[in-house]
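Data first, discussion second: the structure below is written as structure tokens.
Residue numbers (the numbering used here), protein chains in the order written: chain A, 338 to 710; chain B, 1102 to 1521.
Structure follows, in structure tokens:
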């Protein structure tokens, strides 16, 4: 490490850069937690200053309002829990692919196509067969659609080395257009959404008198299962090997093509199930906004948690908390929602930024006299 | 050193330019006349301290549509002296179960009235209304109140077709001016219209606008292009450009929420009649007049009814007399002479009840005068028309329910695209 620093300190002219960056060894857990806590505190301080200067509102009141927006009463707690779990299940869904270094940016479309298939089944078969059979068919359709949306780019990647980022991204647009097409056919009133009055059958049973909690329970189970799959199964191990080095994987006799396609089938299936849970479980509606950008936010959730499904509970909680809180701030302080978005942006910037200080170390230039020596 | 000084000087210059351009646009605002149909002063009455109203908006104030509601409720709040915590405005609530959750949250905050502003909110609001009969639910642009038959669920709209007709008169007189000045021949008086969707609300608006224009300029015809979106600046601009370049339209109006069409008009120097509020800033050399719905009288009405313990109408339709239909001032640089007088005359006739926008003697459908028409007033999901709406020689718009249901393509109006 010191050698590296000295090498850079010896250019032709006696010039040294202001600072040098070197990679750190892994820090102890306590230090890592402390750095992250410091980042959050620093972010909150900066947010306070900006709030005070720009709006003149009391920053403590704003934080209090954010908290109340997410957890203020039982309705909000349940909704926050639901939003958290939906984001979580999508993050969990894309994780196997990401661990394999397959950059799946198509979760949005996979969720949407899962939701769309659910809605089509609800609309065409609803009322003609018993609800429990309907729900089984909805689940099968959503999973199948998700698998197709996931496997298609994986197949092309495995056999012809196409770029999976572009491919999955384009599949999103195909899914969105298919939803738009469905809306044109199923809804003639022009509200851009097909909702509970049309999709009146195949609703999941309620748990504790809300539509949301059954979804939360199902998602908790999925999360634990994926954690076990990635951590303790042979498949999970193969995924990490392919992710680390495809050549190593080939050398030890792993069928890379098979792993890529199998993993994306799983990813797509889980995204499709996320669509099923949204449409059949809670929303009973389908629109182009059904996935609501969660397919992309989930990438951040997964990454922040270092691809550990259990840690994703916390990273999605953070993002959902900021989002729910921001909405309430906009209402109570009559501020534009953009202002809360700015605060959210600052907090996320610090949290992502602090990862840099956990992984790297800065060496600042000493005073010029010393440097010249 | 030199570079740094240069950079500083250039930066300072840039700031000055920006400031200069800001002040420059502020100076020529005086081409606008007084509002032709101004927002009326509303009466004051006592409201209980525990009164609370919740307002659910689809977007925030960056959308002209939602801004119109937010401004209205805030003006009523000011008139009645309501405290901040008595008016809860929830912005950015999508047309999904999120609307249901938000409404339930507002109920738990002890709101006495819950209002939602977007058409698609309706099906998510009705279940909450059923579960909470003690709270009044009011929904703008909705269609289901009169068939749901819930005592606490209400729809509202306004006779904006009358406002459109009045704005159409300004357009027709402008066409006349162009004809007398020899800029166009009488048969070249083609109006272009950028519409969002082919739904009744848009068709009712564009037809009334056209009938207003043709009431003063008999040779006027109209071509319509739909964008398939309520807010899409690029598509609206593109549609306006196509109307101007390909369809040879000499005047443009629109029913969509962005500045796409006004911008295209200003660029091409084509006169524009706007909607939802003045777009004079975007088109100082082309803007003529704008009509809009003023929601303040409705908020005033529902708060008054609840305060006095009276029932709210199932379907409430605001009119010129209630102050719900408003017109901006005229841009005196663009509007033809005599426009104000002609519009004032029509306003007086509307108030007297002698003028009807959809007078069946004034339009034909495929060459035939309409004597009977069944409209789909009861929105039961069947899309089957069931209500006779032509009586006494005119189409009774917004009478059997507040939301518009005029959806006829009349002669003289050509849809350039219906597939979006």
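All residues carry an ideal CB built from backbone N, CA and C; glycine is no exception.
Going along the chain, which residues of its own chain have a beta-carbon closer than 7 Å to the beta-carbon of residue 1495(B), five neighbours each way excluded? The residue labelled residue 1495(B) in the question sits at position 394 within the second chain. Excluding positions up to five away in sequence, the list reads 1457, 1459, 1460 and 1461.
With a cut-off of 8 Å, do at least 3 Cβ pairs link the segment 1410-1426 of chain B to the segment 1186-1202 of chain B? no
Contact list for the segment 1190-1209 of chain B against chain A, Cβ threshold 7 Å: 1190, 1191, 1192, 1193, 1195, 1196, 1197, 1198, 1202, 1205, 1206 and 1209
Examine chain A for any beta-carbon lying closer than 8 Å to the beta-carbon of residue 1254(B), and answer yes or no. Taking the second chain and counting its residues from 1, the one referred to as residue 1254(B) is at position 153. Not one chain A Cβ lies under 8 Å of residue 1254(B).
Could you give the C-beta distance for residue 1194(B) and residue 1157(B), rounded to a whole number, given that I count them as a contact under 8 Å? As a first step, residue 1194(B) must be located in the second chain, where it is residue number 93. As a first step, residue 1157(B) must be located in the second chain, where it is residue number 56. About 5 Å; that satisfies the 8 Å criterion.
Taking contact to mean 3 or more Cβ pairs, one atom from each stretch, closer than 8 Å, check whether the segment 1286-1297 of chain B and the segment 1249-1267 of chain B are in contact. no
At a Cβ threshold of 8 Å, is residue 1293(B) touching chain A? Numbered from 1 along the second chain, position 192 holds the residue referred to as residue 1293(B). So no, residue 1293(B) is outside the interface.
Range covered by the alpha helix (DSSP H) that runs through residue 1264(B): Numbered from 1 along the second chain, position 163 holds the residue referred to as residue 1264(B). It spans 1261-1281 - the alpha helix (DSSP H) in which residue 1264(B) sits, taken as one unbroken run.
Which residues does DSSP pair with residue 1460(B) in a beta bridge? For the purposes of this step, residue 1460(B) is identified with residue 359 of the second chain, where counting begins at 1. According to DSSP, residue 1460(B) bridges with 1495(B).
Any beta carbon from chain B within less than 8 Å of residue 359(A)'s own beta carbon? As a first step, residue 359(A) is located in the first chain; it is residue number 22 there, counting from the start. Not an interface residue.
Would you mind telling me which residues of chain B sit closer than 8 Å to residue 413(A), beta carbon to beta carbon, in chain order? For this step, residue 413(A) is matched to residue 76 along the first chain. Within chain B, the residues near residue 413(A) are 1206.
Just how far apart, CA to CA, sit residue 1127(B) and residue 1134(B)? Counting from 1 along the second chain, the entry for residue 1127(B) is found at position 26. Counting from 1 along the second chain, the entry for residue 1134(B) is found at position 33. Residue placement at residue 1127(B) is flagged as unreliable, the pLDDT there being 46, under the threshold of 50; the coordinate-derived value follows with that caveat. Answer to the nearest angstrom: the Cα atoms are 16 Å apart.
Which value, in whole angstroms, describes the spacing of the CA atoms of residue 1415(B) and residue 373(A)? Working through the second chain from its first residue, we reach residue 1415(B) at position 314. Working through the first chain from its first residue, we reach residue 373(A) at position 36. Those two C-alpha atoms are separated by around 56 Å.
Can you find the residues in the same chain that come closer than 8 Å, C-beta to C-beta, to residue 1431(B), ignoring five residues on each side of it along the sequence? Here residue 1431(B) corresponds to residue number 330 of the second chain, with the count starting at 1. 1133, 1134, 1137, 1271, 1389, 1390, 1440 and 1441, listed in sequence order.
Less than 6 Å between C-beta atoms, sequence neighbours within five positions excluded: which residues of the same chain meet that for residue 647(A)? In the first chain, the residue the question calls residue 647(A) occupies position 310. Within the same chain, residue 647(A) has close Cβ partners 564.
Using DSSP with H/G/I as helix, E/B as strand and the rest coil, what is residue 463(A)? Taking the first residue of the first chain as 1, we reach residue 463(A) at position 126. Looking at residue 463(A) - three-state DSSP - the assignment turns out to be strand.
Apply the 10 Å Cβ neighbour rule to residue 1449(B) and answer buried if 16 or more other Cβ atoms are within range, or exposed otherwise. Mapped onto the second chain, residue 1449(B) falls at position 348. Under this definition residue 1449(B) is an exposed residue.
Cut-off 7 Å between Cβ atoms - residues of its own chain near residue 581(A), not counting five sequence neighbours on either side: Counted from its first residue, the first chain places residue 581(A) at position 244. Same-chain partners within the cutoff: there are none.
As a quick exercise: from 1418(B), 1380(B), 1291(B) and 1348(B), pick the residue whose alpha carbon is nearest that of residue 1060(B). This structure cannot speak to residue 1060(B), because chain B is shown only from 1102 to 1521.
Please check the pair residue 1261(B) and residue 1394(B), which I expect to be a contact at CB under 8 Å, by giving their CB distance rounded to whole angstroms. Taking the second chain and counting its residues from 1, one reaches residue 1261(B) at position 160. Taking the second chain and counting its residues from 1, one reaches residue 1394(B) at position 293. Correct: roughly 5 Å between the Cβ atoms.
Alpha carbon to alpha carbon, how far is residue 635(A) from residue 653(A)? Give it in angstroms, no decimals. As a first step, residue 653(A) must be located in the first chain, where it is residue number 316. As a first step, residue 635(A) must be located in the first chain, where it is residue number 298. C-alpha separation (whole angstroms): 8 Å.
How should residue 1277(B) be labelled, buried or exposed, when 16 other C-beta atoms within 10 angstroms of its C-beta is the threshold for buried? Position 176 of the second chain, counted from the start, is the residue given in the question as residue 1277(B). That one is buried.
What does a CB cutoff of less than 6 Å around residue 1208(B) pick up in its chain, not counting 5 residues either side in sequence? Here residue 1208(B) refers to the residue found at position 107 when the second chain is read from its first residue. Answer for residue 1208(B): 1233 and 1236, listed in chain order.
What does residue 1161(B) touch in chain A if you count any residue whose Cβ is under 9 Å from its own? As a first step, residue 1161(B) must be located in the second chain, where it is residue number 60. Ordered by position in chain A, the residues that pass the 9 Å Cβ test against residue 1161(B) are 667, 673, 674 and 675.
Please tell me whether residue 609(A) and residue 451(A) are closer than 8 Å, where the distance is taken between their beta carbons. Locating residue 609(A) in the first chain gives position 272, where the first residue counts as 1. Locating residue 451(A) in the first chain gives position 114, where the first residue counts as 1. Yes; because the gap between Cβ atoms is below 8 Å, this pair is in contact.
For residue 1174(B) versus residue 1188(B), is the C-beta distance shorter than 8 Å? If you number the second chain from 1, residue 1174(B) lands on position 73. If you number the second chain from 1, residue 1188(B) lands on position 87. Their beta carbons are under 8 Å apart, which means residue 1174(B) touches residue 1188(B) by this criterion.
DSSP three-state call for residue 1515(B): helix, strand or coil? Here residue 1515(B) refers to the residue found at position 414 of the second chain. Strand.
Would you call residue 1361(B) buried or exposed, if buried means 16 or more other Cβ atoms sit within 10 Å of its Cβ? Looking up residue 1361(B) in the second chain gives position 260. With 16 or more Cβ atoms within 10 Å of its Cβ, residue 1361(B) is classed as buried.
Taking Cβ-Cβ distances shorter than 9 Å, what residues in chain B pair up with residue 626(A)? If you number the first chain from 1, residue 626(A) lands on position 289. Simply 1195, 1196 and 1197.
Within-8 Å CB hit, residue 416(A) to chain B: Looking up residue 416(A) in the first chain gives position 79. Yes, its Cβ sits closer than 8 Å to a Cβ of chain B.
Return the residues of the segment 1217-1229 of chain B that lie within a Cβ-Cβ distance of less than 9 Å from chain A, sorted by chain order. 1219, 1220, 1221, 1222, 1223, 1224, 1225, 1227 and 1228
Proximity test, Cβ basis, 8 Å: residue 353(A) and chain B: Position 16 of the first chain, counting from 1, holds the residue named residue 353(A). So, not an interface residue.
Taking C-beta pairs closer than 7 Å, name the residues in chain B that residue 401(A) reaches, listed in chain order. The residue you call residue 401(A) lines up with position 64 of the first chain. Those do not exist, as residue 401(A) stays about 15 Å from chain B at its closest Cβ, beyond 7 Å.
Say whether the segment 600-616 of chain A touches the segment 487-502 of chain A, bearing in mind that this needs 3 or more beta-carbon pairs closer than 8 Å, one atom from each stretch. yes
Using CA atoms only, rank isn't needed, just tell me which of 1285(B), 1518(B), 1512(B) and 1517(B) is closest to residue 1309(B). Here residue 1309(B) is taken as the residue at index 208 of the second chain, counted from 1. Nearest of 1285(B), 1518(B), 1512(B) and 1517(B) to residue 1309(B), Cα basis: 1512(B).
Proximal residues to residue 622(A) (C-beta, below 6 Å), its chain only, five neighbours per side dropped: What you label residue 622(A) is simply residue 285 of the first chain in a count that begins at 1. Excluding residues within five positions, the ones whose Cβ falls inside 6 Å are 530 and 532.
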